[in-house]
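Asker: Got a structure for you, questions after.
In the numbering used here, the protein residues as written are 1 to 455.
Structure (structure tokens):
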């Protein structure tokens, strides 16, 4: 349910190489799925079955994979023979046969195939991980309350684990961990060369226990230990309230299966309170389901392309907003984004920007333009595979870097960046910084309302 807050500021905060459900390091690997978009159904070994939170619609060119499908006679079996022989040699000759888990050999091979794609968003889930993924609760989880991404350091060429955002409600927000920090170790163990999933496994743990992150603050050189006590984090998917000057404020923090319904509820409540302008906050929203991105955009756009989906085979195909809108075009809109806005958030922000429906302000968004499909395997394990890319209505690819090496949705009005070069003790908290950004965006909207009234 959308949550109204009558006080002076919204409670909470929400912010990839990771995938998206609710964005945070959690006991159930929520972090790992913190900023992608998924297709609406799982491609199952036994047919197409409902997936966690319904995910998003199947994109063009994604098909069901049937269990037991015969291998075409023209298929070159040499790679399979090579794999099988290598597997058998391991089983027959490894010095410690008691340590061999045949399922782990298979899983390792699958992980190797996915890793060879060079795609940070494609990954493998064991049956246990997939079961956790399917049962993750929305709006509450146990963890440290931070989201990580993996990015390549342009100077060293090495992958680095970077804090994308810190949830104001989470344990990490009470420490000196900040967005932009680089995690170099966990409990003294170097994460150099590790996958993001392996780093998450080191950080994951039981609530009430401590984990020490060895971090290098953004633009810094020294390594600092940040001790975080794991705990439970609860937050609403949508916050809303009225701001000074008849401005309605909605903060959408995740594109889960209730996103459209909760934004609708918030819009109805704000209109009843006399809203004359809307500040739509997508900051620290890691994204989520593609169908919900289109549905939310349809509240503000009328029968026009929200995004273009391009699969491996053909030309981009549009996903259009539904006919009819919920918010009249005469009501001015401002959209607030930041580096933690990714995936579905970028689809909506890009659509509202390209169509001229809203002024986008804040910081550049993350720059993720890929869609994943979950493919369920016979034993309950699953693969997350990138199957398409998306473009904005003007067919911009926000994952492509510009001449300055920047990607993402570029705001119409750029706000100051988080003061990462300021001493840690002098930096504002996550909530304080977010409040400052909200006020900057609200000021822009008030100016629009004043100009509208005078015109």
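In this text, a Cβ means the ideal position worked out from N, Cα and C, and glycines have one as well.
What whole-angstrom Cβ distance do residue 448 and residue 314 have, given they're in contact under 8 Å?
Answerer: Not quite, the Cβ-Cβ distance comes to about 40 Å (not below 8 Å), so this is no contact.
Asker: On the premise that residue 345 lies in contact with residue 408, defined as a C-beta separation below 8 Å, what is that separation, rounded to the nearest angstrom?
Answerer: With 8 Å as the limit, residue 408 and residue 345 do not qualify as a contact, their Cβ atoms being about 10 Å apart.
Asker: Determine the contact status of residue 164 and residue 340, defining contact as a CB-CB distance below 8 Å.
Answerer: Yes, Cβ-Cβ distance for residue 164 and residue 340 is below 8 Å.
Asker: On the DSSP letters alone, give me the boundaries of the beta strand (DSSP E) that residue 113 sits inside.
Answerer: Run containing residue 113: none in the beta strand (DSSP E); it sits in the alpha helix (DSSP H), 102-116.
Asker: Run through the DSSP bridge pairs and tell me what residue 86 is partnered with.
Answerer: For residue 86, which the question treats as bridged, DSSP gives no partner whatsoever.
Asker: For residue 219, which of helix, strand or coil comes out of DSSP?
Answerer: Residue 219 falls in the coil class under three-state DSSP.
Asker: Starting from the Cα of residue 179, find the closest Cα among 441, 429 and 446 and give me that residue.
Answerer: With distances taken between Cα atoms, residue 179 lies closest to 429.
Asker: Exposed or buried, which one is residue 125 when buried takes at least 16 other CB atoms within 10 Å?
Answerer: Looking at its Cβ environment, which holds 16 or more other Cβ atoms inside 10 Å, residue 125 is buried.
Asker: From the DSSP secondary-structure annotation, give me the bridge partner or partners of residue 382.
Answerer: DSSP lists 125 and 376 as partners of residue 382.
Asker: Can you name the start and end residues of the alpha helix (DSSP H) that residue 438 belongs to?
Answerer: Element bounds for residue 438: 430-454.
Asker: How about residue 342 and residue 368: do their beta carbons lie closer than 8 Å?
Answerer: The answer is yes: Cβ separation under 8 Å.
Asker: Identify every run of the alpha helix (DSSP H) within the segment 242-283, keeping only runs that are complete inside it and at least 4 residues long; order them along the chain.
Answerer: Listed in chain order, they are 259-272.
Asker: Go ahead and label residue 81 buried or exposed: buried means 16 or more other beta carbons lie within 10 angstroms of its beta carbon, across all protein chains shown.
Answerer: Residue 81 should be labelled exposed.
Asker: DSSP has residue 326 in a bridge; who is on the other side?
Answerer: Answer is none; residue 326 lacks a bridge partner.
Asker: Taking 8 Å as the threshold, find out whether the segment 246-256 comes into contact with the segment 306-321 through three or more Cβ pairs.
Answerer: The segment 246-256 is not in contact with the segment 306-321.
Asker: Distance, Cα to Cα, residue 38 vs residue 453?
Answerer: Bear in mind that a pLDDT of 49 at residue 38, under 50, signals an unreliable position, so the model cannot answer this.
Asker: Where residue 93 and residue 209 are concerned, what is the direct C-alpha to C-alpha distance, given to the nearest angstrom?
Answerer: When rounded, the distance between both Cα atoms is 41 Å.
Asker: Taking Cβ positions, are residue 175 and residue 228 nearer each other than 8 Å?
Answerer: Against a cut-off of 8 Å, the Cβ pair of residue 228 and residue 175 comes out as a contact.
Asker: Determine the burial state of residue 32: buried for a count of at least 16 other Cβ atoms within 10 Å of its Cβ, exposed for fewer.
Answerer: For residue 32, the pLDDT reaches just 29, beneath the cut-off of 50, and the residue's location in the model is therefore unreliable, leaving the point undetermined.
Asker: For the pair the segment 237-245 and the segment 211-227, tell me if three or more CB-CB distances fall below 8 Å.
Answerer: Result no; under three Cβ-Cβ pairs closer than 8 Å.
Asker: Can the beta-carbon of residue 282 be found closer than 8 Å to that of residue 325?
Answerer: No. Outside cutoff.
Asker: So residue 311 is in the beta strand (DSSP E); what residue range does that whole segment cover?
Answerer: That run of the beta strand (DSSP E) goes 305-311.
Asker: Should residue 422 be labelled buried (16 or more other beta-carbon atoms within 10 Å of its own) or exposed?
Answerer: Exposed, because fewer than 16 other Cβ atoms sit within 10 Å of the Cβ of residue 422.
Asker: Would DSSP call residue 371 helix, strand or coil?
Answerer: Strand at residue 371.
Asker: If you run the structure through DSSP and keep just helix, strand and coil, what is residue 91?
Answerer: In this structure, residue 91 counts as helix in the three-state DSSP scheme.
Asker: Evaluate contact between the segment 186-200 and the segment 146-160, counting only Cβ atoms and requiring at least three cross-stretch pairs below 8 Å.
Answerer: Touching, yes.
Asker: Give the DSSP-derived three-state secondary structure of residue 55 in the structure shown.
Answerer: Low local confidence applies: a pLDDT of 30 at residue 55 is under 50, so the model's placement there is unreliable, with the coordinate-based value given in what follows. Note: residue 55 maps to coil in three-state DSSP.
Asker: Per the DSSP calculation, residue 228 is bridged to which residue(s)?
Answerer: Beta-bridge pairing links residue 228 to 211.
Asker: How many whole angstroms separate the CB atoms of residue 177 and residue 166, which I take to be in contact at a CB cut-off of 8 Å?
Answerer: Their Cβ separation, rounded to whole angstroms, is 6 Å, which keeps residue 177 and residue 166 in contact under 8 Å.
Asker: How big is the Cα-Cα spacing for residue 89 and residue 101?
Answerer: Between residue 89 and residue 101, the C-alpha separation is close to 14 Å.
Asker: Do you know how far the Cα of residue 300 is from the Cα of residue 328?
Answerer: Taking the straight line joining both Cα atoms gives about 8 Å.
Asker: Let's see if you can read the secondary structure: which residues bound the beta strand (DSSP E) around residue 182?
Answerer: 182-186 is the span of the beta strand (DSSP E), which, as asked, contains residue 182.
Asker: Could you give the first and the last residue of the continuous alpha helix (DSSP H) run that contains residue 354?
Answerer: Element bounds for residue 354: 344-354.
Asker: Using CA coordinates, which residue listed in 381, 291 and 273 is at the minimum distance from residue 507?
Answerer: The first residue shown for the chain is 1 and the last is 455, placing residue 507 beyond what the model contains.
Asker: I'd like the list of long-range same chain contacts for residue 114, defined as Cβ closer than 8 Å, with 5 residues on each side in sequence excluded.
Answerer: So the list reads 122, 123, 124, 383 and 385, once near-sequence residues are dropped.
Asker: Please say whether residue 350 and residue 396 have beta carbons closer to each other than 8 Å?
Answerer: Yes; because the gap between Cβ atoms is below 8 Å, this pair is in contact.
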